[in-house]
Amino acid sequence: LVIKPSIRYGYNSRFTMPVIPSIHIKYTPIKGLDIRASYSRGFRAPSLKELFFEFVDANHNVHGNPLLHAEHSNHVGLTIGYEGSKNKVDFGFSAHGFYNLINDQIRNVEISISSDSNVYRNENISRFQSVGVQFQAQTGYKNFNTGIGFSYTGIVNGIYDDAMGNNTFSSYPEIQGNASYNFKKWGGLFTVFVKYSGKQPVLYTEYDIDLQKDVIKEGAIEGFTLLDISYIQSFLKKRLQIGLYGKNLLNVTNIQQTAGISTSGAHSAGSSSLPTQWGATFAISVKYNFIIHK
107 LVIKPSIRYG YNSRFTMPVI PSIHIKYTPI KGLDIRASYS RGFRAPSLKE LFFEFVDANH
167 NVHGNPLLHA EHSNHVGLTI GYEGSKNKVD FGFSAHGFYN LINDQIRNVE ISISSDSNVY
227 RNENISRFQS VGVQFQAQTG YKNFNTGIGF SYTGIVNGIY DDAMGNNTFS SYPEIQGNAS
287 YNFKKWGGLF TVFVKYSGKQ PVLYTEYDID LQKDVIKEGA IEGFTLLDIS YIQSFLKKRL
347 QIGLYGKNLL NVTNIQQTAG ISTSGAHSAG SSSLPTQWGA TFAISVKYNF IIHK
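As numbered in our numbering, residues 107 to 400 make up the sequence shown, in order.
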């Protein structure tokens, strides 16, 4: 049994930083099995970029916010992992559960959508919560390796008055898998990676007639799948490596989002397209390792 407590403190001339405690526990009841638990508090002051940065060009319209508050957070986590080998097959799995509570979380919030670009500004989310589970497993047999992962996360953005009862958990899944084969005879490595991200909440601002001000609201972006492949060939005793890469082979570019901002700039319920990925990309790399013998 290993227990590691710690206390951290720092100074910030603009934001008061509290004493930050944490504790980490590790227990290994049998060989290969690890059980880890942790609790920690957190503090994060806004960066200069988040406070004052402005970036506007043909593809970006991002603004800082000098009125931001610092984040204060709490985290609880529990992980169980096992690694072993049987009949020349290496295997392992892990299960992880977590809970996060962040007060005044700093988020990039969509202000408006135009035909030219989406406008974003940093805002504080009064009370953000997330809870979730993650599972991972991997196997290896001779030259072949595989891995699969699944996570399910629920979040509450805490953008409404708690008395209204509108702050409910929005949940979304993520599934990913990978496989690789090592051609040891001629020094090649082939890898394929796929990841599915489920429907997720997204924040935007909308003008409230009753309050006479902009308020933060919640929309959603649709799920999407990414597929990457690569092949790396080694020469000259692995001194020379040539890599061929194909990323985002399903050609994901814009993701449908549902929010209260129309493309004309008016504040009304509707949907639009959110730029997410570059689209399908192909690349080649050449790497040479120089070895100097003294």
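We put the CB at the ideal spot given by N, CA and C, even for glycine.
Between the CA atoms of residue j and residue i - distance to the nearest angstrom
{"i": "Lys282", "j": "Gln318", "result": "Before going further, note that residue 282 is Gln rather than Lys in the sequence given. Roughly 44 Å between the two C-alpha positions."}
{"i": "Tyr115", "j": "Tyr145", "result": "17 Å"}
{"i": "Asn354", "j": "Ile348", "result": "20 Å"}
{"i": "Asp267", "j": "Asn228", "result": "Only weak support exists for where Asp267 lies, its pLDDT of 49 falling under 50; the value from the coordinates is given anyway. Spanning the two alpha carbons is a distance of roughly 20 Å."}
{"i": "Gly187", "j": "Lys400", "result": "44 Å"}
{"i": "Gly293", "j": "Ser340", "result": "5 Å"}
{"i": "Tyr337", "j": "Val298", "result": "9 Å"}
{"i": "Lys155", "j": "Ile208", "result": "20 Å"}
{"i": "Leu157", "j": "Asn251", "result": "45 Å"}
{"i": "Ser370", "j": "Gln306", "result": "Its pLDDT being 41, under 50, Ser370 is placed unreliably by the model, and the measurement read from it follows with that caveat. Cα to Cα, the separation comes out at about 24 Å."}
{"i": "Ser368", "j": "Tyr278", "result": "Low local confidence applies: a pLDDT of 44 at Ser368 is under 50, so the model's placement there is unreliable, with the coordinate-based value given in what follows. So the alpha carbons of these two residues sit roughly 25 Å apart."}
{"i": "Ile261", "j": "Phe204", "result": "12 Å"}
{"i": "Ser191", "j": "Gly253", "result": "15 Å"}
{"i": "Tyr346", "j": "Pro172", "result": "According to the sequence displayed, residue 346 carries Leu and not Tyr. Whole-angstrom Cα-Cα distance: 50 Å."}
{"i": "Ser379", "j": "Tyr394", "result": "42 Å"}
Three-state secondary structure (DSSP) of residue i
{"i": "Lys400", "result": "coil"}
{"i": "Leu154", "result": "helix"}
{"i": "Glu328", "result": "coil"}
{"i": "Phe161", "result": "strand"}
{"i": "Leu380", "result": "strand"}
{"i": "Ala386", "result": "coil"}
{"i": "Ile322", "result": "strand"}
{"i": "Pro135", "result": "coil"}
{"i": "Phe121", "result": "coil"}
{"i": "Leu174", "result": "coil"}
{"i": "Asp316", "result": "coil"}
{"i": "His169", "result": "strand"}
{"i": "Asn193", "result": "coil"}
{"i": "Leu107", "result": "coil"}
{"i": "Gly293", "result": "coil"}
{"i": "Arg114", "result": "strand"}
{"i": "Thr364", "result": "strand"}
{"i": "Arg404", "result": "The question about residue 404 has no answer, for the chain in this structure spans 107 to 400."}
{"i": "Gly304", "result": "coil"}
{"i": "Lys353", "result": "strand"}
{"i": "Val215", "result": "strand"}
{"i": "Val358", "result": "coil"}
{"i": "Arg345", "result": "coil"}
Cβ-based burial, residue i [other Cβ within 10 Å; buried from 16]
{"i": "Thr122", "result": "exposed"}
{"i": "Glu177", "result": "buried"}
{"i": "Asn263", "result": "buried"}
{"i": "Ser226", "result": "Residue identity check: residue 226 is Tyr in the sequence provided, not Ser. Flag for Tyr226 reads buried."}
{"i": "Val392", "result": "exposed"}
{"i": "Lys194", "result": "exposed"}
{"i": "Gly196", "result": "Reading off the sequence, residue 196 comes out as Asp, not Gly. By the 10 Å Cβ count, Asp196 comes out exposed."}
{"i": "Ile390", "result": "exposed"}
{"i": "Thr274", "result": "exposed"}
{"i": "Tyr310", "result": "buried"}
{"i": "Phe330", "result": "buried"}
{"i": "Asn478", "result": "Missing from the structure shown is residue 478; the chain here goes from 107 to 400 and no further."}
{"i": "Gly397", "result": "Note on identity: in this sequence residue 397 is Ile, with Gly being the wrong assignment. Its Cβ having fewer than 16 others within 10 Å, Ile397 is exposed."}
{"i": "Ile212", "result": "buried"}
Of the residues the options, the one placed nearest residue i, counting alpha carbons only
{"i": "Gly246", "options": "Ile217, Gly238, Asn284 and Arg233", "result": "Asn284"}
{"i": "Ile463", "options": "Pro152, Glu189 and His181", "result": "The chain is shown from 107 up to 400; residue 463 falls before or after that span and cannot be answered."}
{"i": "Ala386", "options": "Ile397, Asn395, Asn357 and Val392", "result": "Asn357"}
{"i": "Leu332", "options": "Val168, Gly352, Lys323 and Ile397", "result": "Gly352"}
{"i": "Ser179", "options": "Ser286, Ile315 and Phe234", "result": "Phe234"}
{"i": "Pro381", "options": "Gln363, Ile390 and Lys194", "result": "Gln363"}
{"i": "Leu107", "options": "Trp384, Asn167, Pro135 and Phe197", "result": "Pro135"}
{"i": "Lys323", "options": "Ile231, Asp196 and Ser128", "result": "Ile231"}
{"i": "Val239", "options": "Val215, Gly183 and Ser286", "result": "Gly183"}
{"i": "Ser119", "options": "Arg345, Pro307 and Ser153", "result": "Ser153"}
{"i": "His130", "options": "Asn167, Asn171, Lys110 and Phe241", "result": "Lys110"}
{"i": "Leu174", "options": "Glu280, Lys192 and Asp210", "result": "Asp210"}
{"i": "Ser276", "options": "Asp316, Gly325, Val321 and Ser128", "result": "Gly325"}
{"i": "Tyr287", "options": "Arg147, Lys248 and Ala201", "result": "Lys248"}
{"i": "His169", "options": "Asp320, His181 and Glu216", "result": "Glu216"}
The ligand SAH heavy atom lying under 6 Å from the CB of residue i
{"i": "Lys110", "result": "What this structure holds is no ligand at all, so the ligand SAH is not there to describe."}
Any beta strand (DSSP E) of 3 or more consecutive residues that is wholly inside the segment 230–275:
250–262
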